[in-house]
Structure formats: C-alpha cells, structure tokens
Amino acid sequence: MTAKKEKPARIKSSASVDEAEIANFSAMAATWWDPNGPFKPLHKLNPTRISYVRDSLCHHFNRDAKYGLPLKDLRILDIGCGGGLLSEPIARLGATMVGADASDKNIKTAQVHADEMGIAIDYRNITAEGLAAAGEKFDAILNMEVIEHVADIPSFLDACHALLKEDGCMVMSTLNRTAKSWAMAIAGAEYIMRWLPVGTHDWHKFLKPSELVRALGNSKFKTTDLKGMVYHPLADQWSLDDKDFSVNYLVSAQNE
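Everything in the sequence shown is counted per this note's numbering, starting at 1 for the first residue and increasing by one.
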C-alpha cells in the first residue's frame, strides 16, 4: 500500500500578514477569474507581467525565451498568488509552481480553476514566513502586487531571502507613491471606473522605487533591473517603460 503523502503544514498568520487586507481579498475570492470583475486591472496587466517574468528569468538563468517551455525544471514560488492569475501562465511555460496565499478562500479558488484547466500547481494556504520556517527553497520567487499589502516589510523580505536559492532570482511588482498613482490606482480605479472595490489600496503603503531598493538591500538582495509599466487608455493595454515609474513598476533582484 502506498503511504498517503502528507501536505506541508499550513500557517495562517505571521508578522507580515495584515488581517484586514486578507479579509478584503478573501471577500472577492470567487471573482478572481472574471475578466470584468473586481480583478479586471490584473487581467489587463497580466500579459505585460507574464512577458517580464519570462524574459527576466530566462535572462537570469541563461535560457531561450522563445523555447516552448523556457522555465522547465525551475521551481518557482508565486507568493500572494491570489486566485492564480499569474501561477497558471507561468506553469504553462514549464515551471514547477507553488502558489502561496494567506487567504484560504483565494487558495481554494486557485486550486479549483487549475484543476479545471488541467494544470498541476501546488497551492498552499501559508505565508512567506511559514514556508521559510519549513525550510523550503525556490529557484525563483514571484512577488507581484503583494508588498503594498503586507504589515511588516522587513520580515516579509527577510523570509523571501531565506526562501530563494543562492543563485535564484526574485521578480516584484508594486505601485509607486505619487500623486499620479493616487489619481489612477485609487481615484480612477476604485471611485470613478469602479474596477476595484473602494479601500482595496492604501496609498500610504505604496513604495517609491528608492524605498523598495533600499528595503531589498536591507534584506540582502541586490536589485538588477527596474522597469515601469504604463497604461495606454486608447489601446486599453499596458507596456513596459524604461523611464516612467510613476504608477506601476517591476523589479528584478537576486541575492547579494
């Protein structure tokens, strides 16, 4: 008889978890995969995020991004994975995916959708600190639209550093703290367009690129790339930009 494989321990609280933020996203869990629902902005942003993640990891690991499965054999963690909007396409590129989220409802939504799509992803209701305490290690970490929601940034980034293999790479995205980001991400997306429920973001928790680079350095990461993401309303599309970091931006980092 084959022994039943035990699932890793699930830890639902840590220093970095903001319980109010988790409750907010849990309330929207069932709508993750609705392209016109509360997560419409992420659906619009996803193609740009996916291409940046693919190209950054291929550059870091010296792989051909045009190869059918360019991320094959890489164990990748999508921390704060939500409903799996990024985990699934990255798994399709060949990665061995682990998706982690502090919201049990998000994890259930992500798992159901992955099962429906026939995609193997190891989803876990656990925090970064919980994974680090369990001794997990990953070739790459995806840390997308998460850090502006955590309660303790140093604790969170220290845990991410512990989770990353010595030669690994972490890709992050977040929002800059500018007047333009308030106008677009909060006034526009939450109050005017109603793309997001009011209160989804707290502008005061947004990080300027210099602040994030400094925080990464304090947790023994070295920033290797910085790109802006710009929205084009007439085309209803996003693109990467080397100079405009005024609203959304991406960061690649590795161990010092």
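C-beta: ideal position from N, C-alpha, C; glycine also.
Owing to the predicted nature of the structure, the values given are computational and were not obtained by experimental measurement.
- Following the DSSP letters along the chain, one finds residue 214 inside the alpha helix (DSSP H) bounded by residues 209-218.
- The residue among 193, 251, 120 and 196 with its C-alpha nearest the C-alpha of residue 213 is 251.
- Pairwise C-beta distances place the region 39-48 in contact with the region 238-246, as three or more of them are shorter than 8 Å.
- Straight across, the Cα-Cα distance linking residue 247 with residue 99 is about 26 Å.
- Secondary-structure assignment with DSSP links residue 174 through a beta bridge to 249.
- For the set 96, 34 and 91, the Cα lying nearest the Cα of residue 109 is the one of 34.
- Relative to the Cα of residue 55, the nearest Cα in the group 157, 155 and 170 belongs to 170.
- From the listed residues 62, 181 and 131, the smallest Cα separation to residue 205 is found for 181.
- Listed in chain order, the beta strand (DSSP E) elements of length 3 or more contained wholly in the region 33-105 are 75-79 and 96-101.
- The C-alpha of residue 39 lies about 11 Å from the C-alpha of residue 200.
- Residues of the same chain with a CB within less than 6 Å of the CB of residue 158, apart from the 5 flanking positions on each side, are 219 in chain order.
- Around the beta-carbon of residue 41, 16 or more other beta-carbon atoms lie within 10 Å, marking it buried.
- Note on the region 121-160: whole beta strand (DSSP E) runs with a minimum of 3 residues are 122-125 and 138-144, in chain order.
- For residue 235, the closest alpha carbon among the candidates 163, 44 and 128 is that of 44.
- Taken atom to atom, the span from the alpha-carbon of residue 190 to that of residue 106 is near 21 Å.
- For residue 135, the number of other beta carbons within 10 angstroms of its own is below 16, and it is reported as exposed.
- In this structure, the straight-line span from the alpha carbon of residue 155 to that of residue 127 is close to 11 Å.
- Ranked by Cα distance from residue 227, the options 125, 244 and 97 are led by 244.
- Burial check for residue 124: the Cβ neighbour count within 10 Å reaches 16 or more, so the residue is buried.
- In this structure, DSSP gives residue 115 a helical state, which the three-state scheme calls helix.
- The alpha-carbon separation between residue 207 and residue 19 amounts to approximately 20 Å.
- At a Cβ-Cβ threshold of 7 Å, residue 142 and residue 78 count as neighbours.
- In this structure residue 176 is buried. Its beta-carbon is surrounded by 16 or more other beta-carbon atoms within 10 angstroms.
- The secondary-structure analysis by DSSP pairs residue 230 across a beta bridge with 239.
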